[in-house]
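Residue numbers (the working numbering): 709 to 892. Where a beta carbon is used, it is the ideal one built from N, C-alpha and C, also for glycine. Let me begin by presenting the structure, written as structure tokens, before commenting on it.
Here it is, written out as structure tokens:
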């Protein structure tokens, strides 16, 4: 078991306008560990996860108080590169959100955006990631078909593969199994 702190929140409060959605959250997440947030619907689990990679920045009137760190660095520091943060802290949402691209290009997307041009490396990462998400065997002959034609569970596993492809340091998963096929 690792005792290295990967992410931490201290006295974290989060507001949607005047509504306080999170109050005084203190949590340490250790490197190389699985940490689960469990609670009733509407208690702020998804809001907290979105704080961890600053997805809430996109919501008008949203505001964070307190401290959130990744490897000891404040992720809300004004000079922080948010794109780099989201590369380091990937997220898979509850509802699958495949891009209107091929299966292959969905998984390769983050690599290409990150500046990787080596097609052999990209192909290796796509296959490795699809295998890691238990999807490769189902789609290996359809990699150049639209991802939008996949079933809901396959789309969710595709989104997991897309997150795995960029090899983030942390992967946030917001109820990722809710859209998976039971057989998966």
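- The residue among 872, 756, 821 with its C-alpha nearest the C-alpha of residue 747 is 756.
- The residues 795, 798, 818, 819, 822, in chain order, have a CB closer than 7 Å to that of residue 874 in the same chain once the five nearest residues on each side in sequence are set aside.
- As the crow flies, the alpha-carbon of residue 715 is around 33 Å from that of residue 808.
- Unbroken alpha helix (DSSP H) runs of no fewer than 4 residues, entirely contained in the region 758 to 823, are found at 790 to 796, 811 to 821, following chain order.
- Counting only runs of at least 4 residues, the region 813 to 885 fully encloses the following alpha helix (DSSP H) elements, listed from N- to C-terminal order: 827 to 840, 844 to 847, 860 to 873.
- Take the alpha-carbon of residue 777 and the one of residue 723: they are about 19 Å apart.
- Looking at 735, 834, 870, 741, the one whose alpha-carbon comes closest to that of residue 759 is 735.
- Between residue 731 and residue 721, the CB-CB gap stays under 8 Å.
- Contact between residue 775 and residue 782 holds, with the beta-carbon distance rounding to 6 Å and staying under 8 Å.
- For the set 729, 832, 880, the Cα lying nearest the Cα of residue 773 is the one of 729.
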